[in-house]
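For the sequence shown, UniProt numbering assigns the number 1 to the initial residue and increments by one for each residue that follows. What follows is one structure encoded as structure tokens, with my remarks underneath.
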Amino acid sequence: MTTVTSTHDGAGSAPEAAALHEIVEGVFAWVQPDGTWWINNAGAVSGPDGTIVVDTCATEVRTRRFLAAVGAATGDAPLTMAVNTHLHGDHTYGNSLLPSSTVLIGHEAMREGLLTDPIIDGCPPVWQPVPDWGGVTRRVPSVVLRSDLTLFTGSRRVDLLHPGYSAHTTGDVVAWLPEERVLFTGDLIFHGVTPLVFMGSVEGAIASLGWLADFGADHVVPGHGPLIDGAALPGVLADVERYLQLVLRTARTGLDEGLTPLEAAQRCDLGEFAAWPDAERLVLNLHRAYADAAGRPFDLLEAIGDAVRYNGGPMASSV
Numbered sequence: 001m002t003t004v005t006s007t008h009d010g011a012g013s014a015p016e017a018a019a020l021h022e023i024v025e026g027v028f029a030w031v032q033p034d035g036t037w038w039i040n041n042a043g044a045v046s047g048p049d050g051t052i053v054v055d056t057c058a059t060e061v062r063t064r065r066f067l068a069a070v071g072a073a074t075g076d077a078p079l080t081m082a083v084n085t086h087l088h089g090d091h092t093y094g095n096s097l098l099p100s101s102t103v104l105i106g107h108e109a110m111r112e113g114l115l116t117d118p119i120i121d122g123c124p125p126v127w128q129p130v131p132d133w134g135g136v137t138r139r140v141p142s143v144v145l146r147s148d149l150t151l152f153t154g155s156r157r158v159d160l161l162h163p164g165y166s167a168h169t170t171g172d173v174v175a176w177l178p179e180e181r182v183l184f185t186g187d188l189i190f191h192g193v194t195p196l197v198f199m200g201s202v203e204g205a206i207a208s209l210g211w212l213a214d215f216g217a218d219h220v221v222p223g224h225g226p227l228i229d230g231a232a233l234p235g236v237l238a239d240v241e242r243y244l245q246l247v248l249r250t251a252r253t254g255l256d257e258g259l260t261p262l263e264a265a266q267r268c269d270l271g272e273f274a275a276w277p278d279a280e281r282l283v284l285n286l287h288r289a290y291a292d293a294a295g296r297p298f299d300l301l302e303a304i305g306d307a308v309r310y311n312g313g314p315m316a317s318s319v
């Protein structure tokens, strides 16, 4: 694997820290350190018929950097198709900066969620600094899938697959290149960053880890954090599973003792996961686990309010 484009200037999590890595010939991963709130990974697959983009970024600045790097690496090949791995804004708000001719694809639940997402219209001050999206507008997929769809650029094949249940969200999609053994997981994997499953299912997220392992990938592009090779993948998946099992144990204990999700989070010893960024996501994840256990709707405003209280103030953002 080589890094073919780098704009890193030592700026930490600033947009200039991102880099485009060529994983195998013509397959690229856009990695944005440090992978915390709103700072995602994306990618591109180039072939004879043009380039397939996998996700965009949260802001105009970050998405334009990504698309410029892809253009430089591919000789400005046309961006024929793009897929969103899920609805969250760090992977979708830059959609409107794609050419109008680019066919945008996502899961049907992802499309529905992005249509009603209020944060692109005005982000609440629960993050500081409040993210500046720049010149982006809401653009949703014009092609949707329910279970699977296969794309081609020339003979290069990209399989889009839904796990069949809620995990990170209800509309997660992975992009799998079976010949090259490259897997773009979206936010089914957070690598070295606290996972977030408040819009999906804790138990579904755990189940998805075995599903991801079964691909037998040689190269994995997680939704956040550093790239993963096939040898390291089992360890990364085990780390994520241990964290999610901690969430389930904490929720069960909290429910048994009559604690609120915030109280359960405050009593929880994160142990080996205390050093992972965005620890306040524990509260959001517990709200999801509580809601699912009680068979009641998830209260987003209550969950975010509790996460801010757990954090002692607004959550940190770098966009």
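Yeah, the Cβ is synthetic: ideal placement off N, Cα and C, and Gly gets one too.
Could you check the C-alpha separation between S95 and L177 for me, to the nearest Å? A small fix is needed here, since residue 95 is Asn in this sequence, not Ser. Rounded to the nearest angstrom, the two C-alpha atoms are 22 Å apart.
Spatial neighbours of D299 in its chain, beta-carbon cut-off 8 Å, leaving aside the 5 residues before and after: H287, A291
If you scan the stretch 205-277 from start to end, which runs of the alpha helix (DSSP H) of 4 or more residues do you find wholly inside it? 233-256, 261-267
6 Å Cβ shell around A319 - same chain, five flanking residues per side excluded: Contrary to the premise, residue 319 reads as Val rather than Ala in this sequence. Here the set comprises W38, A58, T59, P131.
Is the Cβ-Cβ distance between L227 and A29 less than 7 Å? yes
In three-state DSSP terms, what is T85? coil
Taking the Cβ atom as the reference point for each residue, do S208 and L183 lie within a distance shorter than 7 Å? Contact: no.
Cα separation between F273 and A294? 27 Å
Do V173 and T85 have their beta-carbon atoms positioned less than 7 Å apart in this structure? yes
Mind reading off the beta-carbon distance from R111 to P141? Whole number of angstroms is fine, and I expect it under 8 Å. 5 Å
Classification of P234 by the beta-carbon crowding that lies within 10 angstroms, buried from 16 upward: exposed
Tell me, to the nearest whole angstrom, how far the beta carbon of V54 is from that of Y93; I am working on the premise that it is less than 8 Å. Taking 8 Å as the upper bound for CB-CB distance, V54 and Y93 are not in contact here, some 15 Å apart.
S96 by DSSP, collapsed to three states: which one? helix
Can you tell which of S101, H88, S46, Y243 has its C-alpha closest to the C-alpha of D76? S46
Compute the distance between the beta-carbons of V61 and G134, then report whether it is under 7 Å. yes
Are P33 and G50 closer than 7 Å when you measure CB to CB? no
Taking 7 Å as the limit between beta carbons, can you name the residues of its chain near E280, skipping five residues before and five after? Closer than 7 Å at Cβ, skipping near neighbours: A307, Y310, N311, M315.
Residues bridged to T153 by DSSP? Secondary-structure assignment with DSSP links T153 through a beta bridge to R156.
On the criterion of 16 or more Cβ atoms from any shown chain inside 10 Å, does S13 qualify as buried, or is it exposed? buried
From A72 to S100, what distance separates their C-alpha atoms? 20 Å
Per DSSP, T59 is paired with what? Note: T59 sits in no beta bridge, so no partner.
Using 8 Å as the threshold, is the stretch 198-217 in touch with the stretch 164-172, meaning 3 or more CB pairs across them? yes
Endpoints, alpha helix (DSSP H) assigned at residue 377: In the structure as shown, the chain starts at 1 and stops at 319, and residue 377 therefore has no counterpart that could be examined.
Contact under 7 Å by Cβ, residue 402 with Y165: Because the chain is modelled from 1 through 319, residue 402 falls outside the range shown and cannot be assessed.
Give every residue of the same chain whose Cβ lies closer than 6 Å to the Cβ of D90, excluding the five residues on either side of it in the sequence, and list them in chain order. W38, N40, A58
For S317, does the count of other Cβ atoms within 10 angstroms reach 16, so buried, or fall short, so exposed? So S317 counts as buried.
What is the residue span of the beta strand (DSSP E) that I304 lies within? For I304, there is no enclosing beta strand (DSSP E); the residue is found in the alpha helix (DSSP H) stretching over 300-311.
My assumption, with CB atoms under 8 Å, is that T194 sits in contact with P277. Please give the rounded CB distance. 6 Å
Hey, would you say V158 sits closer than 7 Å to I52, going by beta carbons? yes
Taking a contact to mean a Cβ-Cβ separation below 7 Å, would you say A238 touches G254 in this structure? no
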